[in-house]
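Per this note's numbering, numbering of the sequence shown is gapless, rising by one per residue and ending at 161.
Quick reminder that beta carbons are idealized off the backbone N, C-alpha and C, glycines included.
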Amino acid sequence: MIIWPAYIDKKKSRREGRRVPEDLAIENPSLKDIEKALKKLGLEPKIYREKRYPRQHWEMCGCVEVDYKGNKLQLLKEICKIIKRKD
75 MIIWPAYIDK
85 KKSRREGRRV
95 PEDLAIENPS
105 LKDIEKALKK
115 LGLEPKIYRE
125 KRYPRQHWEM
135 CGCVEVDYKG
145 NKLQLLKEIC
155 KIIKRKD
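Written out as structure tokens, the structure is:
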């Protein structure tokens, strides 16, 4: 499963790729934040810093790959909750 920061970015619209509700979304999520949240969930993330999100191919944002068989939206919501607890 690939997770792009745009999926949980509060500044992005649904059309721009945000997948979680705006009240749950994070402002400027970093790959490091996503990685830490996935590790707290007991998963082993792999970071790719040199990747470009297809909807914003002009911007190098990177992505995180994780081996997860469940629901992607539920995982994204859990990531957001963990990152928000940290703040």
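Short Cβ contact (7 Å threshold) for residue i with residue j
| i | j | result |
| --- | --- | --- |
| Gly91 | Arg129 | yes |
| Lys125 | Gly136 | yes |
| Ala111 | Ile156 | yes |
Cross-strand partners of residue i (DSSP beta bridge)
| i | result |
| --- | --- |
| Val138 | Ile77, Ile121 |
| Ile100 | Asp83 |
| Arg126 | Met134 |
Limits of the alpha helix (DSSP H) - the one that residue i falls within
| i | result |
| --- | --- |
| Ala111 | 105 to 114 |
| Lys146 | 146 to 160 |
With 16 other Cβ atoms within 10 Å as the buried cut-off, status of residue i
| i | result |
| --- | --- |
| Lys86 | buried |
| Trp132 | exposed |
| Ile100 | buried |
| Leu147 | exposed |
| Pro103 | buried |
| Pro79 | buried |
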